[in-house]
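Participant: To convert, note that position 121 of the sequence shown is 120 in numbering that gives the first Met the number 0; the numbers rise steadily by one, no gaps.
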Amino acid sequence: MGLTIHYTITPRQPIDAVEARRLLFEACAAAYRLTRRRHHGCSWRVEEADPEDAWLHGDVLRREDAHTICAYSVPPLRGRYYEVSPGKGCEPAIFGLCEYPATLRLADGRRLRTGLAGWRFRSCCKTQYAGLHGWEHFFTSHKLVIDAALVWQKLGCDVRITDEGEYWPGRNEAKLRANLDHYDRLVAGLGGALKDAAEVHGVAVESPIFAHPRFEYMEAEGQNAHATAIRQTTGIIAGI
0 MGLTIHYTIT PRQPIDAVEA RRLLFEACAA AYRLTRRRHH GCSWRVEEAD
50 PEDAWLHGDV LRREDAHTIC AYSVPPLRGR YYEVSPGKGC EPAIFGLCEY
100 PATLRLADGR RLRTGLAGWR FRSCCKTQYA GLHGWEHFFT SHKLVIDAAL
150 VWQKLGCDVR ITDEGEYWPG RNEAKLRANL DHYDRLVAGL GGALKDAAEV
200 HGVAVESPIF AHPRFEYMEA EGQNAHATAI RQTTGIIAGI
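(1) For my contact list, I229 and G188 are in at a C-beta cut-off of 8 Å; report their separation, rounded to the angstrom.
(2) In whole angstroms, what is the alpha-carbon distance linking E218 and K125?
(3) Following the continuous alpha helix (DSSP H) through Y166, name the residue where it begins and the one where it ends.
(4) Compare the Cα-Cα distances from V175 to each of D49, D162, R184, E63 and report the closest residue.
(5) With a threshold of 16 other CB atoms inside 10 Å of the CB of R109, please say whether the residue is buried or exposed.
(6) Find out if the Cβ-Cβ distance for the pair G1, Y166 is shorter than 8 Å.
(7) Under the three-state reduction of DSSP, which class applies to H5: helix, strand or coil?
(8) Let's test the definition: count the other Cβ atoms within 10 Å of the Cβ of V144 and tell me whether it reaches 16, buried, or not, exposed.
(9) Please report the distance separating the alpha-carbon of A203 from that of D52.
(10) Spatial neighbours of R62 within its chain, please: C-beta separation below 7 Å, excluding the five flanking residues on both sides.
(11) Kindly indicate the opening and closing residues of the beta strand (DSSP E) around D64.
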């Protein structure tokens, strides 16, 4: 849970494995130059995609009957990716290309059309906890994730970005600042409530938000603003 940037990369034209490799290494080189200018890090090592890694899997929904919708996980056939380090407190941002099958064989032998055939990539990066190191650090880290994704756009790919901070599209700094404050208060309020409830049962709860210099203030604000939702959430968890 936390303020996150989601992104999907899709080549505008069908490509083969050779072109996918060329695009990947060009994007990696561009990301390296971008992060070097901003004194951040980019892993120059390109990793081979492991079909067993669940975070690389695509998702397909299939309606089985009037009352049932099933979700199926679609592993990639192959692919590569690299990692960008946006800043302290921020998750690594991973970019690449993977090839997915046109159909998936189900356990009962049926073939399911995936709608994912070809090369693409989908990932996300939680930037919220870069805010533990101040607004300017968070802002720089958040922008870097956006710009590292847009590198692919310049190379002929469609890049779809869903920014929970609403900085993108439009590069709206005011919205980003307001949304960071909202998420900080929400996570602090919920985290504090869960921590207090867990301690009664001798269970420790950990979260990066507890290290925020304004945690106690944000916790109180968050619990006031989201009292009903927090009470419902802690009640559900207590019943598990």
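Yeah, the Cβ is synthetic: ideal placement off N, Cα and C, and Gly gets one too.
From a predicted model like this one, the values you see are computed outputs, not experimental measurements.
Facilitator: According to the data block:
(1) Approximately 6 Å separates the beta-carbon atoms of I229 and G188; this is inside 8 Å, confirming the contact.
(2) It is roughly 20 Å from the alpha-carbon of E218 to the alpha-carbon of K125.
(3) From DSSP, Y166 is part of no alpha helix (DSSP H); its letter is neither H nor E.
(4) Per the sequence shown, residue 175 should be read as Leu rather than Val. Per the C-alpha coordinates, the member of D49, D162, R184, E63 positioned closest to L175 is D162.
(5) By the 10 Å Cβ count, R109 comes out exposed.
(6) Not in contact: G1 and Y166 (Cβ atoms no closer than 8 Å).
(7) In the three-state reduction of the DSSP assignment, H5 falls in the strand class, which pools E and B.
(8) Burial call: buried.
(9) CA-CA distance, A203 to D52, rounds to 29 Å.
(10) So the list reads I68, once near-sequence residues are dropped.
(11) Counting along the chain, the beta strand (DSSP E) containing D64 begins and ends at 57-64.
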